[in-house]
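Heads up: the structure comes next, in structure tokens.
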Amino acid sequence: MKVLVIPDVHLKPEMFQKADYLMGKKIADRAVCLMDIPDDWGKQYNVILYEDTYDAAISFARKYPDTMWCWGNHDLSYQWYQLETGYSPMAEYTVNRKLTDLKVALPEINPIRYVGRIDNVLFSHGGLSKTFVEQYVPASKYNDVDYVLDTINCLGKNDMWDDGSPIWLRPQYENVKMYKPRTLLQVVGHTPMRKITKSKHVISCDVFSTYDDGRPIGTQEFLLLDTVTWEYFGI
Numbered sequence: 002m003k004v005l006v007i008p009d010v011h012l013k014p015e016m017f018q019k020a021d022y023l024m025g026k027k028i029a030d031r032a033v034c035l036m037d038i039p040d041d042w043g044k045q046y047n048v049i050l051y052e053d054t055y056d057a058a059i060s061f062a063r064k065y066p067d068t069m070w071c072w073g074n075h076d077l078s079y080q081w082y083q084l085e086t087g088y089s090p091m092a093e094y095t096v097n098r099k100l101t102d103l104k105v106a107l108p109e110i111n112p113i114r115y116v117g118r119i120d121n122v123l124f125s126h127g128g129l130s131k132t133f134v135e136q137y138v139p140a141s142k143y144n145d146v147d148y149v150l151d152t153i154n155c156l157g158k159n160d161m162w163d164d165g166s167p168i169w170l171r172p173q174y175e176n177v178k179m180y181k182p183r184t185l186l187q188v189v190g191h192t193p194m195r196k197i198t199k200s201k202h203v204i205s206c207d208v209f210s211t212y213d214d215g216r217p218i219g220t221q222e223f224l225l226l227d228t229v230t231w232e233y234f235g236i
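The sequence shown begins at 2 in the working numbering and counts up by one.
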């Protein structure tokens with residue numbers, strides 16, 4: 002299956018417009034969004050931009066209902082009232098209302114999750130480590146990928162608001178052993194990159210983030226991935 006990956010959004014509604022254009026050209030069978038939809042440098046008071054960005058996400062979800070959505074730490078910071086860099090008290094009500102609208106727009110069989118799977122590719126905001134799986138899954142179930150994901154996707158704030166969780170992990174900077182790296186490829190956002198990069202069976206694709214003065218850090222292109230062959234490129 003060919004998948005178009007939308008990485009960290011951070012108040013850029015035009016990303017969904019570009020993704021819609023590309024999906025309309027039939028270049029991918031399905032889309033995945035790694036979320037972090039709210040918050041960006043100096044935008045805390047621009048509530049209209051928060052609303053516009055979530056509206057663009059909701060419209061995309063309705064048009065492409067099989068899109069996979071993976072929670073980002075910035076989205077969950079509003080759901081769980083955990084203040085962090087960029088958090089906007091002014092936009093708090095709007096974000097939570099729009100997140101509810103996004104959940105409603107999705108089919109019941111396709112909820113927002115921490116970690117999703119298509120073929121032998123895992124998608125999450127930060128990445129799924131071996132240590133995190135071992136912390137919550139019995140050793141006898143370690144190799145049962147579906148069981149592992151079902152277990153992790155049922156965890157709550159106390160377990161997930163942790164540097165080692167799939168919404169916070171940064172395998173790019175840390176010597177982390179990932180979950181089943183010989184058989185599973187992982188696709189992550191969260192950590193700004195200059196270009197889409199593959200290392201140790203992890204593809205990092207947060208290339209839309211910016212410096213605090215608005216300059217782009219990365220190439221601002223989407224990842225297009227074949228989930229069977231693991232071939233990929235930016236588009």
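Built from N, CA and C at the ideal position, the CB exists for glycine as well.
For residue i, is the classification buried or exposed, using 16 other Cβ atoms within 10 angstroms of its Cβ as the cut-off for buried?
| i | result |
| --- | --- |
| C34 | buried |
| K13 | buried |
| D164 | exposed |
| S200 | exposed |
| Q187 | buried |
| D147 | exposed |
| Y82 | exposed |
| D9 | buried |
| I7 | buried |
| K99 | buried |
| T237 | Because the chain in this structure spans residues 2 to 236, residue 237 falls outside the shown range and cannot be described. |
| T184 | exposed |
Whole angstroms is fine: what's the gap from residue i's alpha carbon to residue j's?
| i | j | result |
| --- | --- | --- |
| K26 | R216 | 29 Å |
| V138 | V149 | 7 Å |
| D175 | Y115 | Checking the sequence, you will find Glu at residue 175 rather than Asp. Looking at the two C-alpha atoms, the distance is approximately 20 Å. |
| W207 | K142 | Before going on, a small fix: residue 207 reads as Asp here, not Trp. Cα-Cα distance, rounded: 31 Å. |
| T95 | N121 | 36 Å |
| S78 | A29 | 31 Å |
| W169 | M161 | 8 Å |
| T68 | R31 | 6 Å |
| Q80 | L23 | 31 Å |
| A92 | T211 | 20 Å |
| S166 | I153 | 9 Å |
| G87 | S130 | 26 Å |
| P112 | I218 | 31 Å |
| R237 | V48 | With the chain represented from 2 up to 236, any question about residue 237 goes unanswered, as that position is not in the structure. |
| L225 | S89 | 32 Å |
| V134 | S205 | 20 Å |
| P108 | K196 | 33 Å |
| P182 | D145 | 14 Å |
Among the options, whose alpha-carbon lies nearest the alpha-carbon of residue i?
| i | options | result |
| --- | --- | --- |
| T132 | E109, W81, P172, L224 | P172 |
| L84 | Y65, Q45, H126 | Q45 |
| Y65 | Y180, L5, I204 | L5 |
| G128 | R183, E15, A140, K178 | K178 |
| H126 | V203, Q221, L226 | V203 |
| F223 | T198, A140, I236 | I236 |
| Y180 | F124, Q221, G219 | F124 |
| D214 | P108, M2, G43 | G43 |
| E15 | F209, S89, R183 | F209 |
| T198 | L185, Y55, T220 | T220 |
| N97 | E109, P108, D56, E135 | D56 |
| H11 | K3, T54, M2 | T54 |
Distance cutoff 7 Å, beta carbons only. Does residue i sit that close to anything in chain C?
| i | result |
| --- | --- |
| S125 | Here there is only one protein chain, and chain C is not present. |
| said: With three or more beta-carbon pairs closer than 8 Å as the criterion, would you say the region 56-69 touches the region 227-234? | reply: no
| Counting pairs of beta carbons, one from the region 38-48 and one from the region 62-81, are three or more of them closer than 8 Å? | yes
| query | Does the count of Cβ pairs from the region 14-21 and the region 178-195 closer than 8 Å reach three? | reply | no
| task | Take every Cβ of the region 95-106, pair it with every Cβ of the region 149-165, and state whether three or more of those distances are shorter than 8 Å. | result | no
| 3-residue-minimum beta strand (DSSP E) runs that sit fully inside the region 107-170, ordered along the chain | 116-119, 122-125
| message | Ignoring anything shorter than 3 residues, give me the beta strand (DSSP E) runs that lie fully in the region 37-109, in order along the chain. | response | none
| said: Extract the residue ranges of the beta strand (DSSP E) inside the region 182-228, only unbroken runs of 3 or more that lie entirely within it. | reply: 186-189, 198-200, 203-205, 224-227
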